[in-house]
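Take a look at the structure below.
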Amino acid sequence: MDKNTPIVMGADHFGMPLKNSIRDYLIKKGYQVVDMGVNEATPVDYPDVGAMLAEEVGAGKYERGILVCGTGAGMAIVANKVPGVRAVCVQDPYTAERAVASNNAQIITFGSQITGAVVAEKLIDVWLESEFQGGRSAPKVAKIDNLDEKYRAQRVGE
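Here this note's numbering runs 99 ahead of the position in the sequence shown, where the first position is 1.
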């Protein structure tokens, strides 16, 4: 990924320390980072931060984003509710790579109570070095996009 393309980040209060560590790591590596918070330990509901960031990615303002909560699962669920967004909770290098290469995921999530900073940095490096490969995966991602549009249209028609 081009280092001039900003990466957007967000976290709830549980994820804030890991988010801050990741942010500093990315900046040190020369990436542009947009930090959407939180930046204080006051409790905040992860759906609020996750939706805000995912909406920005879904609207095309940012190509890639990173979300952090306690497990990473909640943020992934929230982000995947936003039309056009594909988010994956990553805990190993293979998933970090395939999230982009096979699934064209724009957002990855981490659990601060599961993944330490050094491991997260390695997974982010893999994720940022990966590109969507298309090929056999392209029709599968197109099916995901079609499902997204189908259910969005059904909600509008209700």
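All C-beta atoms, glycine included, are put in the ideal place defined by N, C-alpha and C.
query                                                                                                                                                                                                     : result
Quick one: grab the DSSP three-state call for residue 157.                                                                                                                                                : helix
So if DSSP puts residue 108 in a beta bridge, which residue, or which two residues, is it bridged to?                                                                                                     : 134, 165
With a cut-off of 8 Å, do at least 3 Cβ pairs link the segment 228-245 to the segment 126-141?                                                                                                            : no
Pick helix, strand or coil for residue 214, following the three-state DSSP scheme.                                                                                                                        : coil
At what residue ranges does the segment 177-201 contain a whole run of the alpha helix (DSSP H), taking only runs of 4 or more?                                                                           : 192-200
Under 9 Å, do residue 153 and residue 178 count as touching if we go by C-beta distance?                                                                                                                  : yes
Using 8 Å as the cut-off, can you tell me whether the segment 105-117 makes contact with the segment 209-220, which would need three or more C-beta pairs spanning the two stretches below that distance? : yes
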